[in-house]
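J.: Dumping the structure here so I can ask a few things about it.
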Amino acid sequence: MSGVSVWIGVDDTDSRHGMCTTYVAAVMLERLAGAGARAVDYPHLVRLNPNCPYKTRGNAAVSLHIVVDAAMLGVVRRVVLETVEELAEKGFEETQPGVAFLVGGGVSRRLEEFGLRTVREMVEVDEARELARMEGVELVGYNGGRGVVGALAAIGCPLEKYTFEAIAYRVRENWGTVRRVDPESVYMLQSCGISFDSLDPETGEIRVTPHTPCPVLAGVRAMTAGDALRGLGMLRFLEDVERVVVFKTNQATDMHLTPAKISQLKPYSSAVVEGVVRSIPWTIAGGHTFVIIGDETGELTCAAYRPTGRLRAVVRGLRPGDRVRAAGGVKPKEQGLTLNLERLEILELAEVALATPPRCVSCGVSMKSRGRDAGYRCRVCGAILPSTAAVRRALPRSVRVGVYEVAATARRHLSRPLALSGEGF
Ligand SMILES: [Zn+2]
Numbered sequence: 000m001s002g003v004s005v006w007i008g009v010d011d012t013d014s015r016h017g018m019c020t021t022y023v024a025a026v027m028l029e030r031l032a033g034a035g036a037r038a039v040d041y042p043h044l045v046r047l048n049p050n051c052p053y054k055t056r057g058n059a060a061v062s063l064h065i066v067v068d069a070a071m072l073g074v075v076r077r078v079v080l081e082t083v084e085e086l087a088e089k090g091f092e093e094t095q096p097g098v099a100f101l102v103g104g105g106v107s108r109r110l111e112e113f114g115l116r117t118v119r120e121m122v123e124v125d126e127a128r129e130l131a132r133m134e135g136v137e138l139v140g141y142n143g144g145r146g147v148v149g150a151l152a153a154i155g156c157p158l159e160k161y162t163f164e165a166i167a168y169r170v171r172e173n174w175g176t177v178r179r180v181d182p183e184s185v186y187m188l189q190s191c192g193i194s195f196d197s198l199d200p201e202t203g204e205i206r207v208t209p210h211t212p213c214p215v216l217a218g219v220r221a222m223t224a225g226d227a228l229r230g231l232g233m234l235r236f237l238e239d240v241e242r243v244v245v246f247k248t249n250q251a252t253d254m255h256l257t258p259a260k261i262s263q264l265k266p267y268s269s270a271v272v273e274g275v276v277r278s279i280p281w282t283i284a285g286g287h288t289f290v291i292i293g294d295e296t297g298e299l300t301c302a303a304y305r306p307t308g309r310l311r312a313v314v315r316g317l318r319p320g321d322r323v324r325a326a327g328g329v330k331p332k333e334q335g336l337t338l339n340l341e342r343l344e345i346l347e348l349a350e351v352a353l354a355t356p357p358r359c360v361s362c363g364v365s366m367k368s369r370g371r372d373a374g375y376r377c378r379v380c381g382a383i384l385p386s387t388a389a390v391r392r393a394l395p396r397s398v399r400v401g402v403y404e405v406a407a408t409a410r411r412h413l414s415r416p417l418a419l420s421g422e423g424f
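To convert, note that position 360 of the sequence shown is 359 in numbering that gives the first Met the number 0; the numbers rise steadily by one, no gaps.
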């Protein structure tokens, strides 16, 4: 293909009150096509660190990879910046749009690593600026410009594993009003099995429509672009659709999760920790459940909050000695770092037994305990047995070896639903 390769990254154009960076990118793509640009790939929808304390909603950044004639580079830059300036939310301190341009050449290994780290942990603006300078990437920031981090990361993030989402956008006059999608058509979509996350099977809640005042009407997630589009086509909309765009995404890929020892955990990162249960689980007011696990480097509190649904019952069923693999977001709390569970794999269950007094060998009557670790004594003949003579009765466990995840409504965009993987992680 002749022409110059251009990567464009965009992030942080939305607020809690409106807009969506995917919409900004969708409009941008249409305008760039009008200026003669050819898309090399689907636009990338990259979900960044889900534990970032100042994210807006799903923490989504977008990158576009296009090819244009060298003479059009100035037009491309102007179209991109004008679209961001026109559509990005204004007047909110927390909305700090960022744009990145990588012109000519490909995405370096260093940029890829930066992209991955931005999904997995906290990355500072200074680091993004320094890397951009070394890589010859132009960054443009607005209102503080923290979004340049995500814009650069969206270009860098390698989508080796990926899924697709087909998104339908609303016409502007409907923004902020209740979305009109025939629920029957969502049930139909769910039953044909080509999409994922369309419906929460536990609660029946429809998940193709967001609940925010943003321009998204509905999004259908699938393993292929064709299925995502076919799935979106099955939905019956009772309002006008402005446009439809298919994104290639890191959603449902587990890209954010990396194995770590407890002593290596960093605040606001995501991790998978293998360890042994060290406490009896406990539940506090509000229904949040906790348990302590440990490995050879330290101990960690794991939390299953109320929205995680049935995962809490699994945590409550754990007992000291159980071997588990826990995945989630690392949050700093008063008691130290806490892992907010996204998924829990029970690898091995400890035997939980109840020690009961043995019967006297001579008399056959049940012996009496002489106190903790002091053995047993027969009330009839006075015979004594050590505490090791106790009869151990294994207690039934309420949980089994297996992988458990949070309720669909509490699942991270990045987390791979168990229904998709069908095995451990
Ligand atoms: Zn006896």
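Glycine included, C-beta positions come from ideal geometry on N, C-alpha and C.
On a predicted model such as this, the values are computed, not experimentally measured, just so you know.
According to DSSP, is ASN339 helix, strand or coil?
T.: Here residue 339 refers to the residue found at position 340 of the sequence shown. DSSP places ASN339 in strand when its eight states are reduced to three.
J.: Please tell me whether, using a cut-off of 8 Å, the distance from the CB of ALA388 to the nearest non-hydrogen atom of ligand 2 is below it.
T.: With respect to ligand 2, the structure shown offers nothing to examine, as its ligands consist of ligand 1.
J.: How far does the alpha helix (DSSP H) with CYS191 in it extend, from its first residue to its last?
T.: Numbered from its first residue, the sequence shown carries residue 191 at position 192. Here the alpha helix (DSSP H) through CYS191 covers 182-191.
J.: Looking at ALA99: is its Cβ nearer than 9 Å to the Cβ of VAL67?
T.: By 1-based counting over the sequence shown, the position of residue 99 is 100. By 1-based counting over the sequence shown, the position of residue 67 is 68. Against a cut-off of 9 Å, the Cβ pair of VAL67 and ALA99 comes out as no contact.
J.: Excluding sequence positions up to five away, which residues of its chain have a Cβ less than 6 Å from the Cβ of ALA393?
T.: For the purposes of this step, residue 393 is taken as residue 394 along the sequence shown, with counting starting at 1. Closer than 6 Å at the Cβ level, and outside the excluded window around ALA393, lie GLU350 and ALA352.
J.: Any idea which residues DSSP pairs ALA167 with across the strands?
T.: Residue numbering aside, residue 167 sits at position 168 when the sequence shown is read from its first letter. For ALA167, which the question treats as bridged, DSSP gives the partners ALA217 and VAL243.
J.: If you pair each beta-carbon of the stretch 81-93 with each one of the stretch 114-132, do three or more pairs fall below 8 Å?
T.: Contact fails: fewer than three Cβ-Cβ distances are below 8 Å.
J.: Nearest to LEU101 by alpha carbon, out of SER62, PHE246 and PRO266?
T.: Translated into positions along the sequence shown, residue 101 becomes position 102. Nearest of SER62, PHE246 and PRO266 to LEU101, Cα basis: SER62.
J.: Around the C-beta of LEU343, are 16 or more other C-beta atoms found within 10 angstroms, so that it is buried, or is it exposed?
T.: Position 344 of the sequence shown, counted from the start, is the residue given in the question as residue 343. Counting Cβ neighbours within 10 Å, LEU343 comes out buried, since at least 16 surround it.
J.: Quick one: Cα of GLU183 to Cα of SER107, how far?
T.: Position 184 of the sequence shown, counting from 1, holds the residue named residue 183. Position 108 of the sequence shown, counting from 1, holds the residue named residue 107. GLU183 and SER107: Cα-Cα distance of roughly 47 Å.
J.: Which two residues bound the contiguous beta strand (DSSP E) that contains GLU298?
T.: Within the sequence shown, numbered from 1, the residue matching residue 298 stands at position 299. That run of the beta strand (DSSP E) goes 297-303.
J.: Considering only DSSP beta bridges, list what SER14 is partnered with.
T.: As a first step, residue 14 is located in the sequence shown; it is residue number 15 there, counting from the start. The partner list for SER14 (beta bridge, DSSP) reads GLY17.
J.: Does the stretch 224-240 come close enough to the stretch 294-305 that 3 or more CB-CB pairs lie under 8 Å?
T.: The answer is no - the stretch 224-240 does not touch the stretch 294-305, with fewer than three Cβ pairs under 8 Å.
J.: Across which residues does DSSP place PRO331 in a beta bridge pair?
T.: For this step, residue 331 is matched to residue 332 along the sequence shown. Beta-bridge pairing links PRO331 to LEU336.
J.: With DSSP as the reference, label ILE279 as helix, strand or coil.
T.: The residue given as residue 279 occupies position 280 in the sequence shown. It is coil, neither helix nor strand.
J.: Quick check: does the Cβ of GLY374 come within less than 8 Å of any heavy atom belonging to ligand 1?
T.: Within the sequence shown, numbered from 1, the residue matching residue 374 stands at position 375. False, no ligand heavy atom lies under 8 Å from that Cβ.
J.: Would you call GLY421 buried or exposed, if buried means 16 or more other Cβ atoms sit within 10 Å of its Cβ?
T.: Mapped onto the sequence shown, residue 421 falls at position 422. Confidence at GLY421 is low in this model, with a pLDDT of 49, below 50, so its placement is unreliable and the value that follows should be read with caution. By the neighbour-count rule (16 or more Cβ atoms within 10 Å), GLY421 is not buried but exposed.
J.: Terminal residues of the continuous beta strand (DSSP E) containing VAL102?
T.: Counting from one through the sequence shown, the residue named residue 102 turns up at place 103. VAL102 -> beta strand (DSSP E) spans 97-102.
J.: Can you give me the C-alpha to C-alpha distance between ALA418 and VAL400, rounded to a whole angstrom?
T.: Sequence index remark: in the sequence shown, residue 418 carries index 419 (1-based). Sequence index remark: in the sequence shown, residue 400 carries index 401 (1-based). C-alpha separation (whole angstroms): 17 Å.
J.: For the structure I just gave you, are there three or more beta carbon pairs, one from the stretch 214-223 and one from the stretch 159-174, closer than 8 Å?
T.: Enough Cβ pairs lie closer than 8 Å, so yes.
J.: Is the Cβ-Cβ distance between ALA251 and ALA153 less than 9 Å?
T.: Here residue 251 corresponds to residue number 252 of the sequence shown, with the count starting at 1. Here residue 153 corresponds to residue number 154 of the sequence shown, with the count starting at 1. No, these two residues do not count as a Cβ contact at 9 Å.
J.: Does DSSP put THR162 in a helix, in a strand, or in coil?
T.: Working through the sequence shown from its first residue, we reach residue 162 at position 163. Reduced to three states, the DSSP call for THR162 is strand.
J.: Should VAL272 be counted as a contact of ligand 1 given a C-beta to heavy atom distance under 8 Å?
T.: Numbered from 1 along the sequence shown, position 273 holds the residue referred to as residue 272. No; taking the cut-off as 8 Å, the Cβ of VAL272 has no heavy atom of ligand 1 nearer than that.
J.: What does TYR141 pair with, by DSSP beta-bridge criteria?
T.: By 1-based counting over the sequence shown, the position of residue 141 is 142. For TYR141, which the question treats as bridged, DSSP gives no partner whatsoever.
J.: Would you list the residues sitting across from HIS64 in a DSSP beta bridge?
T.: The sequence position of residue 64 within the sequence shown is 65, counting from 1. According to DSSP, HIS64 bridges with TRP6.
J.: For ALA284, which of ALA221, ALA270 and ARG305 has the nearest alpha-carbon?
T.: Locating residue 284 in the sequence shown gives position 285, where the first residue counts as 1. For the residues ALA221, ALA270 and ARG305, the minimum Cα distance to ALA284 belongs to ARG305.
J.: In the structure shown, what three-state DSSP assignment does PRO258 receive?
T.: Translated into positions along the sequence shown, residue 258 becomes position 259. Correct three-state label for PRO258: strand.
J.: Between VAL9 and VAL83, how many whole angstroms is the CB-CB distance? I'm expecting something under 8 Å.
T.: The count along the sequence shown starts at 1 and reaches residue 9 at position 10. The count along the sequence shown starts at 1 and reaches residue 83 at position 84. The pair is a contact, with the Cβ atoms about 6 Å apart (cut-off 8 Å).
J.: Is the beta carbon of LEU44 less than 9 Å from the beta carbon of THR117?
T.: As a working mapping, residue 44 is identified with position 45 in the sequence shown. As a working mapping, residue 117 is identified with position 118 in the sequence shown. No.
J.: Is it true that the stretch 161-168 meets the stretch 240-255, where meeting means three or more beta-carbon pairs spaced less than 8 Å apart?
T.: Output reads yes: the stretch 240-255 touches the stretch 161-168.
J.: Who are the near neighbours of ARG391 in its chain, counting only those whose CB is closer than 6 Å to its CB and skipping five residues on each side?
T.: The residue given as residue 391 occupies position 392 in the sequence shown. So the list reads ALA352 and ALA354, once near-sequence residues are dropped.
J.: Are the stretch 265-285 and the stretch 312-319 in contact at 8 Å, needing three or more beta carbon pairs?
T.: The stretch 265-285 vs the stretch 312-319: in contact.
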